[in-house]
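J.:
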Amino acid sequence: MTIIIVLALLLIAVVLLLVFARRSYREARQAGKNPIIAAFSAIWDLLLERL
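Sequential numbering of the sequence shown, starting at 0, is according to numbering that gives the first Met the number 0.
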């Protein structure tokens, strides 16, 4: 039962990261920057903030 709860929380975290990365990707593409690097950079910054 505990493993199901942990997996559910992990899935929620991954979905939130993907939504955040998608937003950064779109903003970077509109600004003319490299969108893939911007998305990874946004995820990295978010993770460092939380830790």
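Backbone N, C-alpha and C define an ideal beta-carbon position, used for all residues, glycine too.
Keep in mind that this is a model prediction, so the values were computed, not measured.
Please work out which residues of its chain come closer than 7 Å, Cβ to Cβ, to residue 41, disregarding the five sequence neighbours upstream and downstream, and give them in chain order.
T.: Excluding residues within five positions, the ones whose Cβ falls inside 7 Å are 19, 20, 23.
J.: Quick one: is residue 38 buried, meaning 16 or more other Cβ sit within 10 Å of its Cβ, or exposed?
T.: Label assigned to residue 38: buried.
J.: How many Å lie between residue 33 and residue 43 at the Cα?
T.: Computed Cα separation, rounded: 16 Å.
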